[in-house]
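Read through the structure below, which is laid out as structure tokens, and then see the notes.
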Amino acid sequence: GIQVEQSPPDLILQEGANSTLRCNFSDSVNNLQWFHQNPWGQLINLFYIPSGTKQNGRLSATTVATERYSSLYISSSQTTDSGVYFCAVEAVGNYGQNFVFGPGTRLSVLP
Amino acid sequence: DTAVSQTPKYLVTQMGNDKSIKCEQNLGHDTMYWYKQDSKKFLKIMFSYNNKELIINETVPNRFSPKSPDKAHLNLHINSLELGDSAVYFCASSQTGTGFFRNTEAFFGQGTRLTVV
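Protein chains in written order, with the numbering used here: chain A, 847 to 957; chain B, 759 to 875.
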């Protein structure tokens with residue numbers, strides 16, 4: 847099945863710093879999403895981005911489907927950005943079957 | 759208005775008991791899922807249902823039995839609970855994509871933290 851890797855596994859930032867998280871996948875995808883799991887365990891949808899670039903406030907994401915990667919960019923980080931960031935993909939042909947999650951990037955933003 | 763809701767949020771039970779977790783979605787989606795998140799935060803699919811039909815059953819012990827009474831509900835029943843079943847269980851839903859403007863974005867419930875003692 848499709849493999850999903852995320853880097854870096856852990857990231858510690860000072861408040862106000864910028865960061866880029868990376869997601870690489872091994873096969874073509876129908877769907878790619880970025881989630882933030884906050885310290886209370888909730889999975890928050892950040893982006894639905896099977897291709898292209900989207901921006902939402904301080905966050906932006908880009909997926910280059912032909913090169914099988916996606917990036918999540920966080921600018922001017924805040925302590926509330928702390929948590930685990932997951933990318934999840936749905937392989938082509940697997941509609942409605944299976945979102946495969948990457949192992950996550952654990953982000954800690956220090957005040 | 760919660761899109762995907764799970765109950766209960768916390769469940770503490772003894773080994774050997776049988777328990778159920780309920781999930782409901784009000785998004786009109788045709789596909790629902792159960793995921794298990796282990797202590798290392800890794801999320802792995804357990805089951806996928808499309809229009810009440812089981813699509814995926816990923817090497818989950820027979821003690822786990824999903825039930826989908828209708829498209830909006832997918833409940834998880836667990837028999838003879840074991841210590842290793844302790845984890846956070848997430849329900850999710852999405853719409854199977856068709857056509858050029860398909861949107862298959864998945865939405866997750868808040869999770870159920872199951873602790874078996």
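Positions of the beta carbon are idealized from the N, C-alpha and C atoms, including for glycine.
Note that the structure is predicted; figures quoted are calculated from it, not measured.
Contact with chain A by residue i, beta-carbon distance below 8 Å
i         : result
Asn784(B) : no
Gly842(B) : no
Ser806(B) : yes
Gln868(B) : yes
Val818(B) : no
Listed by chain order, chain B residues near residue i by CB distance under 7 Å
i         : result
Trp930(A) : Trp is not the amino acid found at residue 930(A); the sequence shown has Val there. The answer, in chain order, is Lys799.
Gln879(A) : Glu863 and Ala864
Closer than 9 Å at the beta carbon, the chain B residues around residue i
i         : result
Tyr894(A) : Asn861, Thr862, Glu863 and Ala864
Test: residue i CB closer than 8 Å to a CB of chain B
i         : result
Pro885(A) : no
Leu905(A) : no
Leu889(A) : yes
Glu861(A) : no
Gly898(A) : no
CB contact flag (residue i, residue j, <8 Å)
i         : j         : result
Lys790(B) : Tyr768(B) : Per the sequence shown, residue 790(B) should be read as Met rather than Lys. No. Outside cutoff.
Ile836(B) : Asp796(B) : no
Leu834(B) : Met773(B) : no
Closer than 9 Å at the beta carbon, the chain A residues around residue i
i         : result
Ile803(B) : Gln943, Asn944, Phe945, Val946 and Phe947
Beta-carbon contacts of residue i that lie in its chain and below 7 Å, excluding the five residues immediately before and after
i         : result
Asn870(A) : Glu851, Arg914 and Tyr915
Ser844(B) : Leu872, Thr873 and Val874
6 Å Cβ shell around residue i - same chain, five flanking residues per side excluded
i         : result
Asn876(A) : Glu936 and Val938
Asp856(A) : Arg952
Lys780(B) : Thr765 and Asn833
Endpoints, the beta strand (DSSP E) within which residue i is located
i         : result
Lys798(B) : Segment: none, Lys798(B) is in no beta strand (DSSP E) and carries neither H nor E.
Asp856(A) : Asp856 to Gln860
Glu840(B) : That residue, Glu840(B), is in no beta strand (DSSP E); it is neither H nor E in DSSP.
Beta-carbon neighbours of residue i, restricted to chain A and to distances below 7 Å
i         : result
Phe822(B) : Residues of chain A passing the Cβ test: none, with the nearest at roughly 17 Å.
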